[in-house]
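Heads up: the sequence shown begins at 6 in UniProt numbering, then just goes up one per residue.
We put the beta carbon where it would ideally sit given N, CA and C, even for glycine.
The next block holds one structure in the form of structure tokens; read it before the comments.
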Amino acid sequence: LPSEFQKALPILTTIVEAGYEAYFVGGSVRDMLLGKAIHDVDIATSAYPSEIKALFEKTVDTGIEHGTVMVLDHGAGYEITTFRTESGYTDYRRPDEVIFVRDLREDLKRRDFTINALAMNKTGEIIDLFDGLLDLDKKVIKAVGNPSERFHEDALRMMRAIRFSAQLDFVIEDKTLLAINKEAPLLEKIAIERINVEFTKMLMGQAAAKGLFAFTKTGLYKYLPNINIERELDLVAAGLALKHKQLMTPAVAWTFLIVQLGLDDKRAKLFLKQWKHGNDLINMVTSANHFIRLYKRQTMVTNWDLYQLGNNVAIVNAVLAVIMEDFDENELNKRYDMLTIKTKRELAITGAALIKSGVVKPGPLMGKILLQLEQAVVAKTLDNNAAKLLAQAQVIVEGESK
Ligand code: ATP
Ligand code: MG
Numbered sequence: 006l007p008s009e010f011q012k013a014l015p016i017l018t019t020i021v022e023a024g025y026e027a028y029f030v031g032g033s034v035r036d037m038l039l040g041k042a043i044h045d046v047d048i049a050t051s052a053y054p055s056e057i058k059a060l061f062e063k064t065v066d067t068g069i070e071h072g073t074v075m076v077l078d079h080g081a082g083y084e085i086t087t088f089r090t091e092s093g094y095t096d097y098r099r100p101d102e103v104i105f106v107r108d109l110r111e112d113l114k115r116r117d118f119t120i121n122a123l124a125m126n127k128t129g130e131i132i133d134l135f136d137g138l139l140d141l142d143k144k145v146i147k148a149v150g151n152p153s154e155r156f157h158e159d160a161l162r163m164m165r166a167i168r169f170s171a172q173l174d175f176v177i178e179d180k181t182l183l184a185i186n187k188e189a190p191l192l193e194k195i196a197i198e199r200i201n202v203e204f205t206k207m208l209m210g211q212a213a214a215k216g217l218f219a220f221t222k223t224g225l226y227k228y229l230p231n232i233n234i235e236r237e238l239d240l241v242a243a244g245l246a247l248k249h250k251q252l253m254t255p256a257v258a259w260t261f262l263i264v265q266l267g268l269d270d271k272r273a274k275l276f277l278k279q280w281k282h283g284n285d286l287i288n289m290v291t292s293a294n295h296f297i298r299l300y301k302r303q304t305m306v307t308n309w310d311l312y313q314l315g316n317n318v319a320i321v322n323a324v325l326a327v328i329m330e331d332f333d334e335n336e337l338n339k340r341y342d343m344l345t346i347k348t349k350r351e352l353a354i355t356g357a358a359l360i361k362s363g364v365v366k367p368g369p370l371m372g373k374i375l376l377q378l379e380q381a382v383v384a385k386t387l388d389n390n391a392a393k394l395l396a397q398a399q400v401i402v403e404g405e406s407k
């Protein structure tokens with residue numbers, strides 16, 4: 006067993022020796038069988054949360070109402086979830102009630118896809134009640150049970166199907182794909198933040214092009230935030246541009262998408278806000294998108310353009326490498342490294358120094374002067390030297406007073 010499981014084995018043993026069942030379940034089992042890196046090891050058990058808490062010294066109630074207790078062991082935390090069934094789903098996204106059960110089958114049955122419904126006991130034996138092993142082998146994403154019913158229970162599963170297909174480079178099984186097509190409008194019930202999480206993972210997948218094509222093929226794209234029917238061709242073009250290339254970070258992924266959609270600064274910002282992105286990502290992506298639009302239009306970008314781009318040059322490089330034939334990634338990096346200053350803080354004079362020298366009083370003129378000095382230093386028409394900057398500030402003040 007991989008070390009991630011080895012480390013958690015004493016926990017399984019403790020539960021089993023107390024007379025309950027306990028298994029590794031979900032993504033970790035799937036990823037181990039695929040030979041992929043394992044993130045978090047999830048454990049499912051027949052013991053009730055109170056019974057788990059009685060067995061271990063340090064536990065945290067991370068999701069006790071859903072049956073999840075976190076056990077702390079040698080600095081690591083393990084989520085242990087009681088076998089459960091779900092029923093109700095009147096709102097298409099959350100079960101009305103969670104019922105704890107003692108039977109593993111009931112728990113595996115409520116999971117989304119066959120490859121996610123595998124369990125493994127402490128001796129490494131795989132429990133495969135829904136032919137998940139076969140589907141892993143065939144590289145297929147297939148809903149457990151009736152796909153339409155499963156998407157009615159939780160419409161996010163349609164996003165997850167496409168996300169896993171992009172991450173693993175798997176195909177979506179016919180009936181599951183057909184059900185996405187049929188049930189696509191249910192996606193409107195799902196919170197944008199949750200759609201965003203799945204869509205971002207899809208874009209960053211090794212087979213993101215496959216994911217994008219699945220969105221257009223099923224029509225699910227029409228129910229994504231702020232993406233209407235006129236965007237179908239843009240998404241197909243995005244898939245074609247990507248081919249087998251991978252978008253390695255969320256900022257790179259979203260910049261790529263925004264460039265493909267051809268959004269200007271204002272529209273890009275609005276679009277990202279509507280997708281409920283955080284300010285950090287919005288700032289990075291809009292800055293990179295602004296630069297790429299300039300670059301595509303005129304190729305000759307100025308030092309000032311690069312200076313304003315700042316660290317986001319890495320995002321621009323990654324996106325241009327995807328969308329442009331024989332793009333030289335070193336070109337922009339070299340020019341960026343050669344900038345005289347990278348930030349305002351590196352300017353050899355400060356506002357306070359300007360005031361102290363008596364050249365200017367605090368106020369709007371001072372900001373204007375500092376900006377002009379900054380631009381001149383970046384453009385290399387002025388040395389970044391305190392005396393020279395002060396002299397130039399004097400010239401600007403005199404010009405203003407005429
Ligand atoms: P990842 O590598 O992205 O974490 P994962 O398979 O572990 O993949 P999680 O979202 O962490 O995905 O969920 C853990 C497990 O819980 C899944 O493998 C699946 O069995 C089950 N699961 C998660 N979300 C759903 C859902 N919406 N409907 C049904 N089962 C789900
Ligand atoms: Mg997981």
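Review point. What's the call for W309, buried or exposed, on a 16-neighbour Cβ count within 10 Å?
Key: Counted from its first residue, the sequence shown places residue 309 at position 304. By the 10 Å Cβ count, W309 comes out exposed.
Exercise for review: Return the bridge partner residues of G29 from the DSSP annotation.
Suggested key: Translated into the one-based positions of the sequence shown, residue 29 becomes position 24. For the record, residue 29 in the displayed sequence is Phe; it is not Gly. DSSP, once it has assigned bridges, lists I48, M125 as partnering F29.
Exercise for review: May I ask whether a heavy atom of the ligand ATP can be found less than 6 Å away from the beta carbon of G368?
Suggested key: Here residue 368 is taken as the residue at index 363 of the sequence shown, counted from 1. G368 has its CB no nearer than 6 Å to any heavy atom of the ligand ATP.
Exercise for review: Under 8 Å Cβ to Cβ from A384, same chain only, skipping five residues before and after it: list those, please.
Suggested key: As a working note, residue 384 is residue 379 in the sequence shown. If the five residues before and after A384 are omitted, its C-beta is found closer than 8 Å to the C-beta atoms of T307, N308, W309, all from its own chain and listed in chain order.
Practice item. For G82, collect the residues of the same chain with a Cβ closer than 6 Å to its Cβ; drop the 5 residues on either side in sequence, then sort them by chain order. Key: The residue given as residue 82 occupies position 77 in the sequence shown. Exclusion of the five residues before and after G82 leaves M75 as the residues of its chain whose Cβ lies within less than 6 Å of its Cβ.
Review point. Is the beta carbon of N121 within less than 6 Å of some heavy atom of the ligand GDP?
Key: Looking for the ligand GDP in the displayed structure turns up nothing; the ligands present are the ligand ATP and the ligand MG.
Exercise for review: Check the DSSP bridge columns for A148 and list the partner residues they point to.
Suggested key: Position 143 of the sequence shown, counted from the first residue, corresponds to residue 148. Note: A148 sits in a beta bridge opposite F118.
Review point. Under the DSSP definition of a beta bridge, which residues are partnered with D78?
Key: Residue 78 sits at position 73 when you count from the first residue of the sequence shown. Here D78 is bridged, per DSSP, to A81.
Review point. Should the segment 129-147 be called in touch with the segment 43-56, which here means at least 3 C-beta pairs below 8 Å?
Key: Output reads no: the segment 43-56 does not touch the segment 129-147.
Check your understanding: Would the beta-carbon of L311 be found less than 6 Å away from any heavy atom of the ligand ATP?
Key -> Within the sequence shown, the letter at position 306 stands for residue 311. Annotation for L311 indicates a beta carbon at 6 Å or more from all heavy atoms of the ligand ATP.
Check your understanding: Heavy atom of the ligand MG less than 6 Å from the Cβ of G32, yes or no?
Key -> Within the sequence shown, residue 32 is the residue found at index 27, counting from 1. Relative to the ligand MG, G32 has its C-beta within less than 6 Å of a heavy atom.
Check your understanding: Does DSSP put R162 in a helix, a strand or coil?
Key -> Here residue 162 is taken as the residue at index 157 of the sequence shown, counted from 1. Here R162 sits in helix by DSSP.
Exercise for review: Report yes if the C-beta distance between T90 and I104 is below 7 Å; otherwise report no.
Suggested key: As a first step, residue 90 must be located in the sequence shown, where it is residue number 85. As a first step, residue 104 must be located in the sequence shown, where it is residue number 99. Cβ distance < 7 Å, so T90 and I104 count as in contact.
Review point. Quick check: the segment 352-365 against the segment 275-288, are there 3 or more CB pairs under 8 Å?
Key: Touching, no.
Practice item. Hey, could you find the ends of the beta strand (DSSP E) I354 is sitting in? Key: Residue numbering aside, residue 354 sits at position 349 when the sequence shown is read from its first letter. Annotation for I354: no beta strand (DSSP E) segment contains it, and DSSP assigns it neither H nor E.
Exercise for review: Run the proximity test for D133: is its beta-carbon closer than 6 Å to any non-hydrogen atom belonging to the ligand ATP?
Suggested key: Mapped onto the sequence shown, residue 133 falls at position 128. Annotation for D133 indicates a beta carbon at 6 Å or more from all heavy atoms of the ligand ATP.
**Study point:** For I374, the nearest candidate out of K227, L394, D388 (CA to CA)
**Key:** Taking the sequence shown and counting its residues from 1, the one referred to as residue 374 is at position 369. Taking only the C-alpha atoms, the option nearest I374 is L394.
Exercise for review: Might you give, ordered along the chain, the residues of its own chain that have their beta carbon closer than 8 Å to the beta carbon of L229, omitting 5 neighbours on each side?
Suggested key: Along the sequence shown, one-based indexing puts residue 229 at 224. Around L229: L192, I200, F204, F220.
Check your understanding: Can we count R116 as close to the ligand ATP, meaning its CB is less than 6 Å from some heavy atom?
Key -> To locate residue 116, count along the sequence shown from 1; it is residue 111. Yes.
**Study point:** Reference L337, options I354, A353, L359, Y312, closest by Cα
**Key:** Residue 337 sits at position 332 when you count from the first residue of the sequence shown. Ranking I354, A353, L359, Y312 by Cα distance to L337 puts Y312 first.
**Study point:** Exposure label - K194; buried when at least 16 CB within 10 Å
**Key:** Counting from 1 along the sequence shown, the entry for residue 194 is found at position 189. By the 10 Å Cβ count, K194 comes out exposed.
Practice item. Along the beta strand (DSSP E) that carries R89, what are the first and last residues, could you check? Key: Position 84 of the sequence shown, counting from 1, holds the residue named residue 89. That run of the beta strand (DSSP E) goes 89-92.
Check your understanding: In chain order, what residues of the same chain have a beta carbon less than 8 Å from the beta carbon of P7, not counting five sequence neighbours either side?
Key -> The residue you call residue 7 lines up with position 2 of the sequence shown. The residues are M37, I43.
Exercise for review: Kindly examine the ligand ATP and report whether one of its heavy atoms sits closer than 6 Å to the Cβ of L161.
Suggested key: On the sequence shown, residue 161 is found 156 positions in, with the first residue counted as 1. Short note on L161: C-beta closer than 6 Å to some heavy atom of the ligand ATP.
Exercise for review: Along the beta strand (DSSP E) that carries V65, what are the first and last residues, could you check?
Suggested key: Looking up residue 65 in the sequence shown gives position 60. Per DSSP, V65 is one residue of the beta strand (DSSP E) stretching across 64-68.
Review point. What are the boundary residues of the beta strand (DSSP E) that includes F105?
Key: On the sequence shown, position 100 is the one that residue 105 refers to. Residue range 102-105 is occupied by the beta strand (DSSP E) that includes F105.
**Study point:** T260 versus G129: straight-line alpha-carbon distance, rounded
**Key:** Translated into positions along the sequence shown, residue 260 becomes position 255. Translated into positions along the sequence shown, residue 129 becomes position 124. Cα to Cα, the separation comes out at about 42 Å.
Point to revise | Cβ-Cβ distance between V149 and T119 below 7 Å | key: Reading the sequence shown from its first residue, position 144 is the one you call residue 149. Reading the sequence shown from its first residue, position 114 is the one you call residue 119. Taking the C-beta atoms as reference points, T119 is found nearer than 7 Å to V149.
Review point. Which residues bound the alpha helix (DSSP H) around W309?
Key: Numbered from its first residue, the sequence shown carries residue 309 at position 304. Following the DSSP letters along the chain, one finds W309 inside the alpha helix (DSSP H) bounded by residues 308-314.
Practice item. Give the DSSP-derived three-state secondary structure of T18 in the structure shown. Key: As a working mapping, residue 18 is identified with position 13 in the sequence shown. Of the three classes helix, strand and coil, the one that applies to T18 here is helix, per DSSP.
Review point. What's the C-alpha gap between E351 and D78?
Key: Taking the sequence shown and counting its residues from 1, one reaches residue 351 at position 346. Taking the sequence shown and counting its residues from 1, one reaches residue 78 at position 73. Cα to Cα, E351 sits roughly 47 Å from D78.
**Study point:** Selected residue, minimal CA-CA separation from A49, among D96, R107, F61, K12
**Key:** As a working note, residue 49 is residue 44 in the sequence shown. Considering only D96, R107, F61, K12, the residue with the shortest C-alpha distance to A49 is R107.
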